Amino acid sequence: NAGVTQTPKFQVLKTGQSMTLQCAQDMNHNSMYWYRQDPGMGLRLIYYSASEGTTDKGEVPNGYNVSRLNKREFSLRLESAAPSQTSVYFCASSEWSGGSTDTQYFGPGTRLTVL
Amino acid sequence: GESVGLHLPTLSVQEGDNSIINCAYSNSASDYFIWYKQESGKGPQFIIDIRSNMDKRQGQRVTVLLNKTVKHLSLQIAATQPGDSAVYFCAETTYQKVTFGIGTKLQVIP
């Protein structure tokens, strides 16, 4: 049981390049999330997927797209990377059975640098 | 110069002492709270949670206290060990909307 896995672990891009961050969970969770973490700031939600087949914008969605490929996988795409997207990206998942007591479990993160 | 906002609050504790990390939350409607531990280069790891109908919950070497009157949450770590060195942050939840705190860096002095 690996929990939440993310690939790649590190990535360096040039401005304007595109890439997809991959995330998978093996806990049979319904909901999945993408966050970015910047120095001195709390985790900020980019996009989330409450259930398979649905996606919604979070707090900072501009410049990103997501795909909930199936129940296990949730990818984050940067179509045209910008230096402002330099950050550490975390994927998380939660059971989400309808109540508010829903704990999110995080992956190890992807450290992205955009030059 | 560096922005003040880039520096996390830091708590330095002697090994073996107890640590108390505090968190002020913003939404009085939040009904579920979680403490996470994040070690350098790793993802946040769940430590302990508490519902709003409780004021105290204990785990293994950790205790969370909730004071809804002043919207304050604290994490107490007993007999702090070097492996406890990390950033700790709280999260408040209202119907699947989660807000994360910035965090406090705990440094354990051997």
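Sequence lines, in order, name chains V and B.
Quick note: to get this note's numbering, add 2 to the position in the first sequence (first position is 1).
Quick note: to get this note's numbering, add 1 to the position in the second sequence (first position is 1).
Cβ atoms here follow ideal geometry from the backbone N, Cα and C, with glycine treated the same way.
In this text, all values refer to a predicted model and were calculated from it rather than measured experimentally.
Between V:PHE76 and chain B, is any beta-carbon pair separated by less than 9 Å?
As a working note, residue 76 of chain V is residue 74 in the first sequence. It does not: the Cβ of V:PHE76 has no partner Cβ on chain B nearer than 9 Å.
Backbone secondary structure at V:GLN87 - three-state DSSP
Counted from its first residue, the first sequence places residue 87 of chain V at position 85. Helix at V:GLN87.
Three CB pairs or more closer than 8 Å across the region 10-21 of chain B and the region 56-71 of chain V
no
Over the uninterrupted beta strand (DSSP E) stretch that includes V:GLN8, give me the two end residues.
Translated into the one-based positions of the first sequence, residue 8 of chain V becomes position 6. 6-9 is the span of the beta strand (DSSP E), which, as asked, contains V:GLN8.
Interface partners of B:PRO10 on chain V, CB under 7 Å:
In the second sequence, the residue the question calls residue 10 of chain B occupies position 9. Correct list: empty, because the minimum Cβ distance to chain V is about 11 Å.
For the beta strand (DSSP E) containing B:TYR37, name the first residue and the last one.
Numbered from its first residue, the second sequence carries residue 37 of chain B at position 36. Where B:TYR37 is concerned, the enclosing beta strand (DSSP E) stretches over 33-39.
Under 8 Å between beta-carbons, which chain V residues line up against B:LYS43? List them in chain order, please.
Stepping through the second sequence from its first residue, residue 43 of chain B is reached at position 42. Going along chain V in sequence order, the residues near B:LYS43 (Cβ under 8 Å) are PRO110 and GLY111.
Run through the DSSP bridge pairs and tell me what V:TYR19 is partnered with.
By 1-based counting over the first sequence, the position of residue 19 of chain V is 17. The sequence given here places Gln at residue 19 of chain V; Tyr does not occur at that position. According to DSSP, which records beta bridges pairwise, V:GLN19 is partnered with nothing at all.
Mapping DSSP to helix, strand and coil, what is B:GLY6?
Your numbering for residue 6 of chain B matches position 5 in the second sequence. With a pLDDT of 39 at B:GLY6, under the threshold of 50, the modelled position of that residue is not reliable, and no figure is offered here.
Name the two residues that bound the continuous beta strand (DSSP E) containing B:THR116.
No statement about residue 116 of chain B is possible, as the shown extent of chain B runs from 2 to 111 and does not include it.
Taking only beta-carbon positions, decide if B:GLY84 is within less than 9 Å of chain V.
Stepping through the second sequence from its first residue, residue 84 of chain B is reached at position 83. B:GLY84 does not count as touching chain V.
Along the chain, where does the beta strand (DSSP E) containing V:LEU78 start, and where does it finish?
In the first sequence, residue 78 of chain V corresponds to position 76, counting from 1. V:LEU78 -> beta strand (DSSP E) spans 76-80.
Alpha carbons only, please: which of V:HIS31, V:LEU117 and V:TYR91 is nearest the one belonging to V:SER82?
Position 80 of the first sequence holds residue 82 of chain V. It is V:LEU117.
With a threshold of 8 Å on Cβ separation, who are the neighbours of V:LEU15 within its own chain once the five nearest residues in sequence on each side are excluded?
As a position in the first sequence, residue 15 of chain V is number 13, starting the count at 1. Closer than 8 Å at Cβ, skipping near neighbours: MET21, LEU80, ALA83, LEU114, THR115, VAL116 and LEU117.
Note down, in chain order, all residues in the region 69-97 of chain V with a beta-carbon under 7 Å from any beta-carbon belonging to chain B.
PHE92
Taking the C-alpha atoms as reference points, what is the distance between B:ALA115 and B:LEU107?
A question about residue 115 of chain B goes unanswered here, because the residues of chain B that appear run from 2 up to 111.
Answer with yes or no whether the minimum CB distance from B:ILE103 to chain V is below 9 Å.
For the purposes of this step, residue 103 of chain B is taken as the residue at position 102 of the second sequence. So yes, B:ILE103 belongs to the interface.
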